[in-house]
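Okay, so here's the structure we're looking at.
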Amino acid sequence: MAHNGNTRIYVTGPSGSGKTTVGNILAEKLGWKWLDLDQEIERVEQTSIASIFERGETYFRLAESRALYATANHSNIVVSVGGGAVISEENRDFIANNGVSIALMADPLVLYARIKDQSEHRPLLRNGGLAAVQQQFANRKAYYQQMDTMIETDHNSPQMVADAILGKLIARGALDRSESSLRIVRVQTASGSYPIYIQRGILRRSAEIIFSELQLPHRCVLICDEHTHALYAESLKTLFQEHNCDTQIVVTPSGESNKTLQTVEKIYQDLLSRKHERSEAIIALGGGVIGDMAGFTAATYVRGTPLIHIPTTLLAQVDSSIGGKTGVNFGAFKNMIGSFYQPRAVIIDPDLLLTLPERIYNEGFGEIVKCAMIGDKPLFETLENGHENCANKNSRLLEQVIGDTVAFKAAIVSADEREADVRMALNYGHTIGHALESVTEFSALLHGEAVFAGMEIEGNIAVQIGLLAPEQLARQNQLIAHIRRFEHKALIQNIDPVKLLEAAQTDKKSKDGKVRWVLPNAIGSYTINITVPDDVALRSIQMVQK
Ligand SMILES: NC(=O)c1ccc[n+]([C@@H]2O[C@H](COP(=O)([O-])OP(=O)(O)OC[C@H]3O[C@@H](n4cnc5c(N)ncnc54)[C@H](O)[C@@H]3O)[C@@H](O)[C@H]2O)c1
3 MAHNGNTRIY VTGPSGSGKT TVGNILAEKL GWKWLDLDQE IERVEQTSIA SIFERGETYF
63 RLAESRALYA TANHSNIVVS VGGGAVISEE NRDFIANNGV SIALMADPLV LYARIKDQSE
123 HRPLLRNGGL AAVQQQFANR KAYYQQMDTM IETDHNSPQM VADAILGKLI ARGALDRSES
183 SLRIVRVQTA SGSYPIYIQR GILRRSAEII FSELQLPHRC VLICDEHTHA LYAESLKTLF
243 QEHNCDTQIV VTPSGESNKT LQTVEKIYQD LLSRKHERSE AIIALGGGVI GDMAGFTAAT
303 YVRGTPLIHI PTTLLAQVDS SIGGKTGVNF GAFKNMIGSF YQPRAVIIDP DLLLTLPERI
363 YNEGFGEIVK CAMIGDKPLF ETLENGHENC ANKNSRLLEQ VIGDTVAFKA AIVSADEREA
423 DVRMALNYGH TIGHALESVT EFSALLHGEA VFAGMEIEGN IAVQIGLLAP EQLARQNQLI
483 AHIRRFEHKA LIQNIDPVKL LEAAQTDKKS KDGKVRWVLP NAIGSYTINI TVPDDVALRS
543 IQMVQK
């Protein structure tokens, strides 16, 4: 990539490569403006491309260059650039000096198949069909190769192509993040003290942190799943290579059902065949599933190797990467086998969330709202005032909210590493949340979605026993209604409340079949170890179901 810190992205490629659709998606994901150069030319010239072409190609190319150069007046913009524009050396120089450039590529046969029914709008097809597409591709290929990066689009949807572009830009630090400042939160426990780095664009600095600041050996293993592999792992390996680090990537299948001892065993085998040594780091690049498994591997392989978390989901960034809980599922039991094992550092780059599917992104707010409700009133108010902004993964507010939640969890974990007392507070919403996941057989609700519903029910229990004022519960529920964008009311209404309570009573944190509830007594404050009569808990569930 030519240079870092860009505020403009130019997407080009042959006809049918998807530069218009992909450019638009990319802009939407970044919350940036999008400009299609052809449409801009039509707007300026107040006529169609076809009629501009009637005045001759030279006239069109001049208009195209003028429109291209005018993009220098904008920042935070994605520009879809016609494939012919990059033939001009001046245009290529302009792009190289003003932003980062992407060429979308595909086999000419694939390109032809994509556009063959559009001959009405594509003169190229009228003047030669497949042969013309192949010829034009051959003529322009060398120019596309001069762009900063090329992305193959043959087998990928526009959404996947946009994510692949983002993955490359983020891993190479190609986006302008000058407005973002580094925040370091420390966890201090008896078994280890470690920094959590939070900053947009910090992924680019991860090699420096791991090998220079932490002085870990220049040999490591990067554990990821197929999604984080496709998006980030290879670029990260290249970055580590630039720091003379010999990196092996271990890819495991994604998903909760693969968080097993069998997968860990497979990782052990990879570590053994590589002769991975005790002083060398294991780096977890993924969501909570990868973090928990890589953490457990690091805790147990040769009795412990250094662990670095690079969490890639919102849940992993604000919750699972902090506090040292590692483990795997065993049979039907979640997180049954595991250990407490603190990482050497956590590197949180909110930019990684740009590629996260919306539903998975949104459920991450379950943990954020929980932390705000039980212990951080200012965070709660920030969310109340800025929830609309939180939907934008590129917002400064999101970075602040992640940092505040991390700081809150880090303080709790530092005070009570092994969950003897205050750490139990983090269970708010989780007793009913876990029960909901269990009665719906872990298939209908994502964890954070279950926690949202759990907070509504548990908050209502707090109101029913006179612990929490109804207005405070109303504020919590209002915030949840704003922030949770997937509604499961019908699903929750159809659950048998007795079965739900029974499932809560078998929660591993219950004692003698009695639930020890964690309940808020005000926004930003909680009480632990509360027992309530079954009929009160049942009534509270039924009230929320109505
Ligand atoms: N250790 C703890 O303290 C703790 C706390 C909470 C949850 N957990 C565990 O965390 C797990 C859930 O974690 P999760 O919600 O992160 O799920 P996950 O790890 O399964 O990730 C969800 C999906 O998102 C994909 N993904 C991850 N990052 C991506 C990115 N940046 N772009 C695109 N796709 C991406 C993953 O491949 C996966 O398909 C559970 O196993 C749970 O038990 C652990």
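Going from the sequence shown to my numbering is simple: count from 1 and add 2. Heads up, the beta-carbon is just placed ideally off N, CA and C, and yes, glycines get one too. Remember, it's a predicted structure, so these values are computed and weren't measured experimentally.
- For the pair Glu-47 and Ile-54, the Cα-to-Cα distance works out to about 8 Å.
- Approximately 22 Å separates the beta-carbon atoms of Leu-447 and Pro-522; this is outside 8 Å, ruling out the contact.
- Using a C-beta cut-off of 8 Å, the region 521-541 makes contact with the region 377-390, since at least three inter-stretch Cβ pairs fall below that distance.
- If you draw a straight line from the Cα of Val-291 to the Cα of Tyr-343, it is about 15 Å long.
- No Cβ-Cβ contact shorter than 9 Å links Asp-178 with Ser-82.
- Between ligand 1 and the CB of Lys-327, the shortest heavy atom gap is smaller than 8 Å.
- Residue pairing by DSSP places Ser-82 opposite Val-13 and Asp-38 in a beta bridge.
- As summarised for the region 388-428, the continuous alpha helix (DSSP H) elements at least 4 residues long and confined to that stretch are 398-417, given in chain order.
- Using a cutoff of 8 Å, the CB of Val-291 counts as near ligand 1, since one of the ligand's heavy atoms is closer than that.
- Thr-357 has its CB nearer than 8 Å to a heavy atom of ligand 1.
- Secondary structure of Gly-333 (DSSP, three-state): coil.
- Closest in C-alpha terms to Leu-32, from the list Glu-279, Gly-297 and Gly-169, comes Gly-169.
- Counted as a single uninterrupted DSSP element, the beta strand (DSSP E) harbouring Asn-531 occupies residues 527-532.
- Glu-154: member of the beta strand (DSSP E) spanning 151-154, first to last residue.
- Closest option to Ile-43, judged by alpha-carbon separation, among Thr-73, Gly-25 and Asn-26: Thr-73.
- Gly-325 and Glu-419 have their C-alpha atoms roughly 7 Å apart.
- The C-beta of Pro-472 has fewer than 16 other C-beta atoms within 10 Å across all chains shown, which makes the residue exposed.
- Counting other Cβ atoms within 10 Å of its Cβ, Ala-422 stays below 16 and is therefore classed as exposed.
- Between Pro-160 and Val-24, the gap from beta carbon to beta carbon is short of 9 Å.
- By the Cβ rule, the region 301-321 does not count as touching the region 241-258, because fewer than three pairs are nearer than 8 Å.
- Under the DSSP assignment, Cys-247 falls outside any beta strand (DSSP E); it carries neither an H nor an E label.
- Listed in chain order, the non-local C-beta contacts of Gly-20 below 7 Å within the same chain comprise Leu-106, Thr-155, Pro-160 and Val-163, local neighbours out to five positions each way being set aside.
- Ranked by Cα distance from Trp-519, the options Ala-483, Leu-224 and Gly-456 are led by Gly-456.
- Only residues of its own chain outside the window of five on either side were considered, and among them Ser-182 and Leu-184 have a CB closer than 6 Å to the CB of Gln-201, listed in chain order.
- Here Cys-222 really is in contact with Thr-249; their C-beta atoms are around 6 Å apart, less than 8 Å.
- DSSP lists Thr-249 and Ala-283 as the beta-bridge partner residues of Cys-222.
- Fewer than three beta-carbon pairs drawn from the region 382-390 and the region 409-417 are found closer than 8 Å, and the two stretches are therefore not classed as touching.
- Remark: fewer than three beta-carbon pairs, one from each stretch, lie closer than 8 Å, so the region 204-220 and the region 257-272 are not flagged as touching.
- Secondary structure of Asn-26 (DSSP, three-state): helix.
- Minimum Cα-Cα distance from Gly-435 among the listed residues Asp-119, Thr-508, Ser-281 and Ser-121 corresponds to Thr-508.
- Counting along the chain, the unbroken beta strand (DSSP E) around Arg-185 starts and ends at 185-191.
- The Cβ atoms of Ser-323 and Gly-368 lie no closer than 9 Å to each other.
- Collapsing the DSSP output to three states places His-490 in coil.
- Taking Pro-499 as the centre and dropping the five residues before and after it, the same chain places the C-beta of Leu-540, Ile-543 and Gln-544 closer than 6 Å to its C-beta, in chain order.
- For a cut-off of 8 Å, the C-beta gap from Tyr-303 to Leu-273 is around 6 Å, short enough to register as a contact.
- Taking 9 Å as the cut-off, the Cβ atoms of Gly-388 and Gln-319 do not count as close.
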